[in-house]
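Down below is the structure, laid out as C-alpha cells.
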C-alpha cells in the first residue's frame, strides 16, 4: 500500500483535484480511495483489467460521486465564476484545443486527434474536469443539446477508432 | 454524422457504459449504473472496457504532491480497517463459533463437553487427525479458555478461545503432568490470545488423562520450576477415537 502511495499518489491526487477543484476535498477523496482499494483488494479480479487502471477508476469515480452529490446550486455559481475567468478563451474554445493532448502515445490520443477540436474539448472537459453537460455547455458557449449530441457521437467515433 | 444512430457504432449498453465512465450521466442514472455494476456482468465488462480505453486521459491532469500528512491519515485508517478485518483470525473464528455451545456443555460436565467437542473438531480435521484433545477451563466457572490439539504424540498446539486477562506484572505458564510423574513439568510461557506450539520430544508420549494447566507466575516464569501461582485454566487429555 505504501508502494502504491509512493508511486501513484501525486497522479491520483492530480486527477481528484481536477474534478473536485479543492485541495482539501481532493485529499479526502484520495484517502477514501486508498481505503476502498485496500478493503476491496481481495475482491479485485485481475481479469477485469490492470490494477493500476482500477486504482485510477476508483479515485476518479469517487471524485465524480462527491461532485454529483453536492448541490447543483453551489456548482452553478462556482461554474459562473469559472466561466468568467475563462472569458478570454471562450471565443477560441470551440476552435482551439484547451488540452495538451498531443505528443502522447496512447491510442486514445490518436483517436481524439480525429475529432473536431470542439468535440474533443467536450470529451476532455467531461473526463478530466468532471464537468456535467451543462457545465461544458457553459464553458464552451454551445447549446446544451448540441453538447449532449457531440459527446454521444464522439464516444461512438472513439469506440470505432479504438475497437 | 447526420442520420447516424447510436446503434451504428454502439449498442445501448455500451453507450450507457461510455457515458458512465466519461462522467456525463445524470446523477440518478449514474447511481443506477453503480448499483447494477455489482450484479450485471455485461454492463461491468462494458464499463471496464471503457475505463481501459480512456485511462490514458488521466495523464492530462497535472500531478499534485500530497500534503505530508495525507499518508499518515491513510495509514491510521488502514490500521483501523486492518484490526477490524483481522480480529478474530480465521482459525480462531471457527473455534469462536463453537464457544456458546461449549459453554453450555461445560456446565453439563467437562467429560461430556470433551467428547462432543472431539466429534465436532474431528470432522473438518480428517486430513490431520487429532490424537489427543484437551479443553482447558477456568477452575471457578468451567468457562473454556484454551484448547490443546495434538496431531502427533510429540507436538501439541495450545490454541486460545479468547484473550485471557492477565495482570500486567504476571504471565501465564504452561504445565503438564501425566499419572505417575513426580510433578508438573513446564512447557513454557504463554502469550494470551496467541497459539503456542510445543514440542514434546523431551517428555514421554502423551497419555490419556494427562493433566495440563496454565498458572499465573512471574513474567520470567516460576522461580521454583514448579507451579506457584493460582491455576487459571486446567484440563485433561482425552484420546480422540
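Residue numbers (the numbering used here), protein chains in the order written: chain A, 7 to 169; chain B, 2 to 242. Beta carbons: idealized from backbone N, C-alpha and C, even for Gly.
Backbone CA spacing between residue i and residue j [nearest angstrom]
i	j	result
residue 15 of chain A	residue 30 of chain B	30 angstroms
residue 168 of chain B	residue 35 of chain A	43 angstroms
residue 64 of chain A	residue 197 of chain B	41 angstroms
residue 34 of chain B	residue 67 of chain A	12 angstroms
residue 237 of chain B	residue 195 of chain B	20 angstroms
residue 81 of chain A	residue 80 of chain B	Interpretation of residue 81 of chain A is limited by its pLDDT of 49, a score under 50 that renders its predicted location unreliable; the figure taken from the coordinates is listed afterwards. For residue 81 of chain A and residue 80 of chain B, the distance between alpha carbons rounds to 35 angstroms.
residue 147 of chain A	residue 124 of chain A	10 angstroms
residue 158 of chain B	residue 138 of chain B	16 angstroms
residue 37 of chain B	residue 60 of chain A	18 angstroms
residue 159 of chain A	residue 143 of chain A	16 angstroms
residue 27 of chain B	residue 73 of chain A	12 angstroms
residue 192 of chain B	residue 205 of chain B	25 angstroms
residue 59 of chain B	residue 62 of chain A	8 angstroms
residue 224 of chain B	residue 190 of chain B	13 angstroms
residue 175 of chain B	residue 166 of chain B	15 angstroms
residue 145 of chain B	residue 213 of chain B	13 angstroms
residue 165 of chain A	residue 11 of chain B	8 angstroms
residue 89 of chain B	residue 56 of chain B	Since pLDDT at residue 89 of chain B reaches only 48, below the 50 mark, its modelled position is unreliable, and no value is offered.
7 angstroms Cβ cutoff met for residue i and residue j
i	j	result
residue 19 of chain A	residue 32 of chain A	yes
residue 232 of chain B	residue 140 of chain B	yes
residue 134 of chain B	residue 199 of chain B	no
residue 188 of chain B	residue 215 of chain B	no
residue 55 of chain A	residue 53 of chain B	yes
residue 51 of chain B	residue 78 of chain B	no
residue 23 of chain A	residue 134 of chain A	no
residue 140 of chain A	residue 130 of chain A	no
residue 151 of chain B	residue 21 of chain A	no
residue 185 of chain B	residue 220 of chain B	no
residue 27 of chain A	residue 64 of chain B	no
residue 202 of chain B	residue 155 of chain B	yes
residue 132 of chain A	residue 24 of chain B	yes
residue 177 of chain A	residue 107 of chain A	Absent from the structure is residue 177 of chain A, since the part of chain A shown begins at 7 and ends at 169.
residue 143 of chain B	residue 179 of chain B	no
residue 182 of chain B	residue 161 of chain B	no
residue 217 of chain B	residue 230 of chain B	yes
Residue i, enclosing beta strand (DSSP E) - first and last residue
i	result
residue 198 of chain B	197-200
residue 218 of chain B	212-218
residue 187 of chain B	186-191
residue 233 of chain B	232-237
residue 133 of chain B	133-138
Closer than 6 angstroms: residue i CB and nearest the ligand NAD heavy atom
i	result
residue 81 of chain B	The ligand NAD is not among the ligands present in this structure, which contains no ligands whatsoever.
Element boundaries [alpha helix (DSSP H), containing residue i]
i	result
residue 28 of chain B	28-38
residue 161 of chain B	Where residue 161 of chain B is concerned, there is no enclosing alpha helix (DSSP H), although the beta strand (DSSP E) it sits in stretches over 156-161.
residue 53 of chain B	42-55
residue 65 of chain A	57-75
residue 122 of chain A	Residue 122 of chain A -> no alpha helix (DSSP H), and no H or E assigned at all.
residue 167 of chain B	No alpha helix (DSSP H) contains residue 167 of chain B, which DSSP labels as neither H nor E.
residue 13 of chain A	8-26
residue 45 of chain A	29-46
residue 136 of chain A	No alpha helix (DSSP H) contains residue 136 of chain A, which DSSP labels as neither H nor E.
residue 159 of chain A	150-168
residue 14 of chain B	13-23
Which residues DSSP lists as bridging residue i, in chain order
i	result
residue 174 of chain B	B:190, B:216
residue 147 of chain B	B:137, B:161
residue 240 of chain B	B:133
*In chain order, what residues of the stretch 56-81 of chain B put their CB closer than 7 angstroms to some CB of chain A?*
56, 57, 58, 59, 60, 61, 62, 63, 64, 65, 66, 67, 68, 71, 72, 74, 75, 78, 79
*Using a Cβ-Cβ cut-off of less than 7 angstroms, list which residues of the stretch 8-27 of chain A approach chain B; keep chain order.*
11, 15, 16, 17, 19, 20, 21, 23, 24
_Residues in the stretch 43-54 of chain B having any Cβ partner in chain A nearer than 7 angstroms_ = 49, 52, 53, 54
*Could you run through the stretch 183-211 of chain B and flag, in chain order, every residue whose CB is less than 9 angstroms away from some CB of chain A?*
none
_Short of 7 angstroms Cβ to Cβ, which residues in the stretch 51-65 of chain A face chain B?_
54, 55, 59, 62, 63
*Pull out every residue of the stretch 117-136 of chain A whose Cβ sits closer than 8 angstroms to any Cβ of chain B, in chain order.*
129, 130, 132, 133, 134, 136
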